[in-house]
Amino acid sequence: MTSIAQVQGRRSSIDLSWPTFALLSLVLSVLVLLPLFWLAYYSLRSDTGGGATLDNFIALVADPTLLRAYGLAISMALAVGILACLIATPMAWLVARTDLPARRIIRMLVTASFVTPPFIGAIAYEILAAPNSGIVNIIYRSAFGLDPSQYLVNIYTFSGLVFAIACFTFPYVFTLVANALDKVPSDLEDASSILGGKSMTTLRKVTIPLVLPAMLAGTLIAILQALTMFGSPAILALPAGFHVITTKIWSLFQFPPRLGLAAAAALPLLIITVVLLRAQKSILGRKGYTVLGGKSGTPRITKLGSWKWVAVAFVFCILSLTILLPYLAILKTAFTGTVGDPINFDTLTLRHWKFVLFEFSATQLALRNTFLLGFLTATAVTAIALVVSYLVIRRSVPGARYLGVLATAPVAIPGIVLGVGLFLSYANPTFQLYGTIWILLIAFMTIELPAGYQQMSSAFAGVHPELEEAGRIMGASRLRTLWDITAPLLRTSVVAAWCFVFVGTIRELSATILLTTANTKLVSVIIYDLNESGDLGAICVLGIILLVASFAVVFVANRVPVLGGSQMNARG
Amino acid sequence: MAFLELDGLTKSYGSLTVVKGVNLSVDKGKLVCLLGPSGCGKTTTLRLVAGFVPANGGEIRVGGKTVSSAHSTVPPEARNMSMIFQSYALWPHMTVYENVAYGLKLRRMPQAQVTELVRTILSATQLLALAERYPGELSGGQQQRVSLARALVIKPEILLLDEPLSNLDANLREEMRFEIRRLHDEFRYTTVYVTHDQAEAMTTADIIVVMNDGRIEQSGSPEDIYERPATEFVARFIGGTNIFSGTRNDKDTVLCQAGLVLRCGNGTTDGSSKTAVSIRHHDIELSTKPNGANTNTTVGTVTRQIYLGSHRDYLVSIAGGEMVRTVAPVNVAIPVGQEVWLHFPPEKCRALAQ
Chain A
1 MTSIAQVQGR RSSIDLSWPT FALLSLVLSV LVLLPLFWLA YYSLRSDTGG
51 GATLDNFIAL VADPTLLRAY GLAISMALAV GILACLIATP MAWLVARTDL
101 PARRIIRMLV TASFVTPPFI GAIAYEILAA PNSGIVNIIY RSAFGLDPSQ
151 YLVNIYTFSG LVFAIACFTF PYVFTLVANA LDKVPSDLED ASSILGGKSM
201 TTLRKVTIPL VLPAMLAGTL IAILQALTMF GSPAILALPA GFHVITTKIW
251 SLFQFPPRLG LAAAAALPLL IITVVLLRAQ KSILGRKGYT VLGGKSGTPR
301 ITKLGSWKWV AVAFVFCILS LTILLPYLAI LKTAFTGTVG DPINFDTLTL
351 RHWKFVLFEF SATQLALRNT FLLGFLTATA VTAIALVVSY LVIRRSVPGA
401 RYLGVLATAP VAIPGIVLGV GLFLSYANPT FQLYGTIWIL LIAFMTIELP
451 AGYQQMSSAF AGVHPELEEA GRIMGASRLR TLWDITAPLL RTSVVAAWCF
501 VFVGTIRELS ATILLTTANT KLVSVIIYDL NESGDLGAIC VLGIILLVAS
551 FAVVFVANRV PVLGGSQMNA RG
Chain B
1 MAFLELDGLT KSYGSLTVVK GVNLSVDKGK LVCLLGPSGC GKTTTLRLVA
51 GFVPANGGEI RVGGKTVSSA HSTVPPEARN MSMIFQSYAL WPHMTVYENV
101 AYGLKLRRMP QAQVTELVRT ILSATQLLAL AERYPGELSG GQQQRVSLAR
151 ALVIKPEILL LDEPLSNLDA NLREEMRFEI RRLHDEFRYT TVYVTHDQAE
201 AMTTADIIVV MNDGRIEQSG SPEDIYERPA TEFVARFIGG TNIFSGTRND
251 KDTVLCQAGL VLRCGNGTTD GSSKTAVSIR HHDIELSTKP NGANTNTTVG
301 TVTRQIYLGS HRDYLVSIAG GEMVRTVAPV NVAIPVGQEV WLHFPPEKCR
351 ALAQ
């Protein structure tokens, strides 16, 4: 009966909710709707004449290079999805439901590969598996005494690209499936056993069908990530001589720019994303799978017995490919002269560090820009998300929930599509934001808004409205209640959301690549530029800086709840 | 004049009206219980009084001053009331002491006085030893007492309680009922208490207000409500009862099914010809022999008998297929299937308004 939607003493002396609501509606509309509007507008405008035309959409179907890029992108994404699912599901089961040793550490390591920006992973695989200079191929040649044209693996291929992307997208499937397995109540499985089902039958008939939605949903997310990714394909597919759709859209921005065609080419990507997200939502939201919130019993653990070592080998193999080898390759390259050098005291050098930090002119500006933008974006997004979720969850300003819809919408806009839209919106004589960091700030805010909003609204939902009402009836005004009661209770969530957004921002490349100029270089863009010139040592130094910054921030985010967090667990 | 007055109070959400013109007067220092099934509008009524919800019609007056009407709502913080919530709503980031002191600090009381008042109320609620604990470190009953202490310490004009005991286990709930009554007797705040538990209402209230479907069904002392229910709803809701429907034969005699004639010693003696008669389980006399009377008696068969330690619970099927529930002392042990005579003493039969 105590509905949270009830209006609370609306006639207090100063009511800020309406102006706030209006301001936020405006800001969110500008962030989300404006780029989409210009995208649609330019896609219908002729690049040569300027009049209204359908030529761009006709070119989309008629131009074989565009069609091929879409075809390759989609088949690549599907292959990534399948591969990620094949790797992640058995691993999730081993970690969640067996007596595999070191399960906690494995989980942590997989989460760590979440933090790895995919383009750094792609570069690590360049170092490992390029046909000529790749470490694996050098070792292979010297082991068998082969001539330099021979190679074992080649990352500059379609399958190489699929592999490199899957290595860094499988955590999506892994996390969803492992969490689902954690939550499948063991009594459902016990019920099957008691009815006479053997272990394998129970696994096949009960456990797997129950986590199937999580598997599908995770796979869809992996597919979506692969489809909309710019960095890895740009690093691996371009040398291989083919385009996927994101790199193709980017190439349309090269001279002579064909903005209308780029806009038209971006729209199908937007539509595919929306469709995939809807599919994912409907799979996860299906009735009957809601048991996944059950609270009964600890999950049953399968004894692996003599299979244990097979399982350990499998998990070790996967972790080597996705974490150990790439990270070792990056570390080695950062501290030795060239990729091919053996590791000994003679080859160890800080040359690349010196070059990146002191000699290369672009670095300092890029570092400053990156961390400044990370800081600004994280702060702005957290603040907006905080107010929006407060309005949506606590107040019944009619229409407040549309703010929530707007704040969630960018989740369906791929970075490259948003990049095109923002370029079209702000790189014109009216705004002239192109070439400033403000256009990047707008892009990052839009991209990160859904994540920030999601975190803040679930945090608000965790603060019982009666806690605030108790403050009111004891004599505190609305603002005083917010300050004394709501704010302290949300503090840890706010810090976590801030860090989350910060980490997401400093690794962004898809939208950045279209919006950056010489004056507004970011670390991610420099890494991409340096890759063009083949300076892998410098890239690895920058990659390590990004990774250390990300892990430092994640570490802080994880530590903060510990500070005075003990009493946070029981809420009223 | 009554201290707290609800006058034609109405609240609706869209087309759904949840409080339909409630009139109620509460004298200063009384404890009033709003009792009813879930969805009857009792919690909304309480939230209207607290000022969390603006009214759509009618008025709420405290000490003659209007605090809520269709046009204006004094915000909760300006009402000098306090409230105990179903979830206790203890602030998890503050210690017991800080929780209780919060309201006093808002009133800009000097530090020394705050400390003294908090200590007094904490010892009255046996919480002094726990002052530095966080709510998460307390048991359910202790949390409940903190929430009481926090509400009482600010000396509110009106104290509101929203199903305060529904999250406690049965033993603790019984103990806390008496505790709430004891604290009320000690501090004498005008109190509105919402519950769906009739035993809770009986123990604590000076006046019970039975609500149903957004309206007040009946209000009166616990004895009034139990002994003299005005409607079938009240009779059924408060305490176990048997209801016989029938037609009014003459002023105080009701003709029920299968020739059962009940003379009613009290209740509504005029009105429509269709009526119902209520008689409590424990007011029915059960015997294995007929007592010879023509009215207020019938014969039936025992269909269920349960031994409950203090008494036996009987279910008797009478002519016409109706089931009558009654209780008898433990030594009256009649096996299932045996014929029994039921006697309904006229002074215990109550005719109800329809």
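Line by line, the protein sequences give chains A and B.
Numbering-wise, the first sequence is residues 1 to 572 according to UniProt numbering.
Numbering-wise, the second sequence is residues 1 to 354 according to UniProt numbering.
Where a beta carbon is used, it is the ideal one built from N, C-alpha and C, also for glycine.
> How close, in whole Å, do the beta carbons of residue 257/B and residue 174/B come, if the pair is a contact with beta carbons under 8 angstroms?
Replying inline: Their Cβ separation, rounded to whole angstroms, is 39 angstroms, which puts residue 257/B and residue 174/B out of contact at 8 angstroms.
>> Short of 8 angstroms Cβ to Cβ, which residues in the segment 389–410 of chain A face chain B?
In response: none
> Could one say the Cβ of residue 16/A lies closer than 9 angstroms to chain B's Cβ atoms, at least one of them?
Replying inline: no
> CA-CA distance, residue 22/A and residue 400/A?
Replying inline: 10 angstroms
> Taking residue 510/A as the reference, which of 250/A, 353/A, 243/A, 18/A has the closest Cα?
Replying inline: 250/A
> Name the DSSP bridge partner or partners of residue 323/B?
Replying inline: 317/B
> Taking Cβ positions only, does residue 477/A come closer than 9 angstroms to chain B?
Replying inline: yes
>> Nearest by alpha-carbon distance to residue 394/A: which of 438/A, 332/A, 457/A is it?
In response: 457/A
>> Ignoring anything shorter than 4 residues, give me the alpha helix (DSSP H) runs that lie fully in the segment 147–181 of chain A, in order along the chain.
In response: none
> Assuming residue 263/A and residue 418/A make a contact with CB atoms under 8 angstroms, what is their CB distance in whole Å?
Replying inline: So it is not a contact: roughly 12 angstroms between Cβ atoms.
>> Under 8 angstroms: does the beta carbon of residue 128/A sit that close to some heavy atom of the ligand SAM?
In response: The ligand SAM is absent from the structure shown, which contains no ligand whatsoever.
> What residue range is occupied by the uninterrupted beta strand (DSSP E) comprising residue 218/B?
Replying inline: 215–220
>> Between residue 186/B and chain A, is any beta-carbon pair separated by less than 9 angstroms?
In response: no
> Under 9 angstroms Cβ-Cβ, which residues of chain B neighbour residue 208/A?
Replying inline: Ordered by position in chain B, no residue passes the 9 angstroms Cβ test against residue 208/A, which lies about 38 angstroms from the chain.
>> Am I right that residue 173/A and residue 84/A are in contact with their C-beta atoms under 8 angstroms? What's the rounded C-beta distance?
In response: 5 angstroms
> Hey, residue 180/A and residue 155/A: beta-carbon distance below 9 angstroms or not?
Replying inline: no
> residue 300/B: buried (16+ other C-beta within 10 angstroms of its C-beta) or exposed?
Replying inline: buried
> Would you call residue 53/B buried or exposed, if buried means 16 or more other Cβ atoms sit within 10 Å of its Cβ?
Replying inline: buried
> Using a C-beta to C-beta distance shorter than 8 angstroms, which residues of chain A count as neighbours of residue 82/B?
Replying inline: 473, 474
> Taking the continuous alpha helix (DSSP H) assigned at residue 377/A, which residues delimit it?
Replying inline: 361–394
> What residues in the segment 485–508 of chain A have a beta carbon less than 8 angstroms from any beta carbon of chain B?
Replying inline: 485, 488, 489
> With 16 as the cutoff for other CB atoms within 10 Å, does residue 51/A come out buried or exposed?
Replying inline: exposed
> Which residues in chain A sit within 7 angstroms of residue 121/B, going by Cβ to Cβ distance?
Replying inline: Those within 7 angstroms of residue 121/B in chain A number zero; the least Cβ separation is about 14 angstroms.
> In chain A, which residues lie with their C-beta within 8 angstroms of the C-beta of residue 217/B?
Replying inline: Those within 8 angstroms of residue 217/B in chain A number zero; the least Cβ separation is about 18 angstroms.
>> If you follow the beta strand (DSSP E) that residue 235/B is in, where does it begin and where does it stop?
In response: Note, residue 235/B: premise wrong, no beta strand (DSSP E); alpha helix (DSSP H) at 232–237.
> Would you say residue 459/A reaches chain B, if we count a Cβ-Cβ gap shorter than 9 angstroms as a contact?
Replying inline: no
>> Taking only three categories from DSSP, how would you classify residue 282/B?
In response: helix
> According to a CB-to-CB cut-off of less than 9 angstroms, which residues of the segment 524–541 of chain A neighbour chain B?
Replying inline: none
> How many angstroms separate the CA atom of residue 398/A from the CA atom of residue 191/A?
Replying inline: 47 angstroms
> Got a sec, what are the start and stop residues for the beta strand (DSSP E) residue 211/B sits in?
Replying inline: 207–212
>> What would DSSP say about residue 99/B, mapped onto helix, strand or coil?
In response: helix
> Using a beta-carbon distance cut-off of less than 7 angstroms, what residues from the segment 89–117 of chain B approach chain A?
Replying inline: 89, 90, 91, 92, 93, 102, 103, 106, 107
> Can you round the beta-carbon distance between residue 204/B and residue 180/B to whole angstroms, since I take them to be within the 8 angstroms contact cut?
Replying inline: 5 angstroms
>> Within a Cβ cutoff of 8 angstroms, which residues of the same chain sit near residue 377/A, ignoring the five residues on either side of it in sequence?
In response: 441, 444, 445, 448, 501, 502, 505
> Taking residue 340/B as the reference, which of 152/B, 99/B, 326/B has the closest Cα?
Replying inline: 326/B
> So, helix, strand or coil for residue 5/B, using DSSP?
Replying inline: strand
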